[in-house]
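S.K.: There's a structure below that I have some questions on.
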Ligand SMILES: *Cc1c(COP(=O)(O)O)cnc(C)c1O
Ligand code: SF4
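Now the structure itself:
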């Protein structure tokens, strides 16, 4: 790409190379298109993912853009205008009808992109019908967002900030829990006055803010940064939630942190925070069979192993059963691992 740009290559050639790079980057890893998309009354629900029993992901069409365009984004395929690669739906009636048939679903998680790029009016059109449908089984509404870091004014001084906060209060008043799943990568993002004000405003609606971030080389691969970040989040009234391993979409080779090092970083940060910040889980890999947590490294019968567990599994009875893989200094994903103790498969294979 650099060569093409330096040589003023014609636009078609540049576009062609962009396409090649995209196609080499695995837009939807871990079986998201083939295995997660639910069906309802003979229809395939293209803007939803239902992988874990209790939670459905909904990708509102107008929220499939973002405040940030992170170089490590694992959802880049949502932004490039290729409709057959995109998760997107406008059909909240279809969602409601699916929820009524699936009482095992407790949480609806709006995601993207970033749903907080939508106006209050648009967001309302997705959330209020769910409240009005009065589906007893739905307990929690969640929104995944980078806005607290990237555009905290969304909750402070935008022209519809008050409507956003009123919408959050409305969820609480319907006896549902409203949770903002906030993406923060670095303590620097918590340093401004406006982010503190935004957190206060959101919390005043009864909404809880849970925080999550990938562990990314060159950006936050240092225990002291995580310690500082989790402590500051708790002090501001947020709940540390997930540390994620880098997925194999995008420039994984550049941002990757090996599992062994990731566990050390997590552990060193975790050991220095009080119990209030130990709500955080990780380092976790969002793999095809489920979210796999790296519990640690141990030596058992002279064999060095990783101790792992599912935090979420395609089968819920996989969750919380410790299992073992051969230790490796360089492994950075489940697919790099071999079962320990001479076994030829993991229990979930
Ligand atoms: C992470 C994730 C969820 C939510 O999991 P929680 O542990 O409940 O936060 C739901 N669906 C998919 C596909 C996910 O990757
Ligand atoms: S905030 Fe999330 S969705 Fe937005 S660009 Fe970054 S990683 Fe992608």
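Residue numbers (the numbering used here): 233 to 581. A virtual CB, placed ideally from N, CA and C, is assigned to each residue, including glycine.
Short of 8 Å in beta carbon distance, which residues of its chain neighbour residue 451, apart from the five on each side in sequence? Order them along the chain.
M.R.: Counting only Cβ-Cβ distances below 8 Å, and skipping sequence neighbours, we find 304, 417, 418 and 487.
S.K.: Quick check for students: name the residue ranges of the beta strand (DSSP E) that lie wholly in the region 489-558, counting only runs of 3 or more.
M.R.: Listed in chain order, they are 513-518, 522-532, 535-545 and 555-558.
S.K.: Would you kindly check if the distance between the Cβ of residue 284 and the Cβ of residue 444 is under 8 Å?
M.R.: Not a contact, by the Cβ cut-off of 8 Å.
S.K.: Would residue 279 pass as a contact of residue 342 if the rule is Cβ separation under 8 Å?
M.R.: Result no, Cβ atoms of residue 279 and residue 342 do not sit closer than 8 Å.
S.K.: What residue from 348, 245 and 336 has the CA that sits closest to residue 174's CA?
M.R.: Lying before the first or after the last residue shown, residue 174 is absent from the chain, which here runs from 233 to 581.
S.K.: Within 10 Å of its beta-carbon, does residue 235 have 16 or more other beta-carbons around it, so buried, or fewer, so exposed?
M.R.: With fewer than 16 other Cβ atoms within 10 Å, it is exposed.
S.K.: Given residue 356, which residues of its chain have a CB within under 6 Å of its CB, disregarding the five upstream and five downstream residues?
M.R.: Same-chain partners within the cutoff: 399.
S.K.: Does residue 339 come out as helix, strand or coil in the three-state DSSP assignment?
M.R.: The answer is strand: DSSP assigns residue 339 an E or B state.
S.K.: Please report how far the alpha carbon of residue 581 lies from the alpha carbon of residue 325, in whole angstroms.
M.R.: Cα to Cα, residue 581 sits roughly 37 Å from residue 325.
S.K.: With a 10 Å radius around its C-beta and 16 neighbouring C-beta atoms as the bar for buried, classify residue 282 as buried or exposed.
M.R.: Per the 10 Å Cβ criterion, buried.
S.K.: May I ask you to report which of helix, strand or coil DSSP gives residue 289?
M.R.: Correct three-state label for residue 289: strand.
S.K.: Would you tell me roughly how many angstroms separate the C-alpha atoms of residue 531 and residue 537, rounded to the nearest one?
M.R.: When rounded, the distance between both Cα atoms is 6 Å.
S.K.: Just to confirm, is the Cβ distance from residue 410 to residue 404 under 8 Å?
M.R.: Yes, Cβ-Cβ distance for residue 410 and residue 404 is below 8 Å.
S.K.: Buried or exposed: residue 245, going by 16 or more other Cβ atoms within 10 Å of its Cβ?
M.R.: When all chains shown are included, residue 245 counts as exposed.
S.K.: Any heavy atom of ligand 2 closer than 7 Å to the Cβ of residue 415?
M.R.: Checking the Cβ of residue 415 against ligand 2 gives yes.
S.K.: Can you check whether the CB of residue 262 is closer than 8 Å to the CB of residue 518?
M.R.: Their beta carbons are under 8 Å apart, which means residue 518 touches residue 262 by this criterion.
S.K.: Going by DSSP in three states, residue 377 sits in which element: helix, strand or coil?
M.R.: If DSSP states are grouped into helix, strand and coil, residue 377 belongs with the strands.
S.K.: Give the DSSP bridge partners of residue 205, in chain order.
M.R.: Because the chain is modelled from 233 through 581, residue 205 falls outside the range shown and cannot be assessed.
S.K.: Can residue 319 be considered in contact with ligand 2, in the sense that its beta carbon sits closer than 7 Å to one or more heavy atoms?
M.R.: No.
S.K.: Three Cβ pairs or more, each shorter than 8 Å: is that satisfied between the region 478-493 and the region 264-279?
M.R.: No: the two stretches stay apart, fewer than three of their Cβ pairs being nearer than 8 Å.
S.K.: State the Cα-Cα distance for the pair residue 533 and residue 291, rounded to the nearest angstrom.
M.R.: Answer to the nearest angstrom: the Cα atoms are 47 Å apart.
S.K.: Taking the beta carbon of residue 386 as the centre, do at least 16 other beta carbons fall within 10 Å, making it buried, or is it exposed?
M.R.: It counts as buried.
S.K.: Whose C-alpha, out of 549, 372, 529 and 435, is nearest the C-alpha of residue 289?
M.R.: Minimum Cα distance to residue 289 is reached at 372.
S.K.: So which of 426, 408, 569 and 377 has the shortest CA-CA distance to residue 180?
M.R.: The requested residue 180 is not part of the displayed model; the chain covers only 233 to 581.
S.K.: Considering residue 307, what are the terminal residues of the alpha helix (DSSP H) in which it resides?
M.R.: Looking at the DSSP string, residue 307 is not in any alpha helix (DSSP H), and its letter there is neither H nor E.
S.K.: From the DSSP output, in three-state form, read off residue 300 for me.
M.R.: Reduced to three states, the DSSP call for residue 300 is coil.
S.K.: What's the call for residue 516, buried or exposed, on a 16-neighbour Cβ count within 10 Å?
M.R.: The residue in question, residue 516, is buried, as its Cβ has 16 or more Cβ neighbours within 10 Å.
S.K.: Does the separation of the CB atoms of residue 454 and residue 497 fall below 8 Å?
M.R.: Yes; because the gap between Cβ atoms is below 8 Å, this pair is in contact.
S.K.: If you measure between the beta carbons of residue 482 and residue 319, is that distance less than 8 Å?
M.R.: Against a cut-off of 8 Å, the Cβ pair of residue 319 and residue 482 comes out as no contact.
S.K.: Given the structure, does residue 544 come close to ligand 1, in the sense that its CB is under 7 Å from one of the ligand's heavy atoms?
M.R.: The answer is yes for residue 544.
S.K.: Count the other C-beta atoms from every protein chain shown that fall within 10 angstroms of the C-beta of residue 312, then say buried if there are 16 or more, exposed otherwise.
M.R.: Residue 312 is exposed by the Cβ-count criterion.
S.K.: What's the C-alpha gap between residue 396 and residue 293?
M.R.: Near 18 Å, if we compare the C-alpha coordinates of residue 293 and residue 396.
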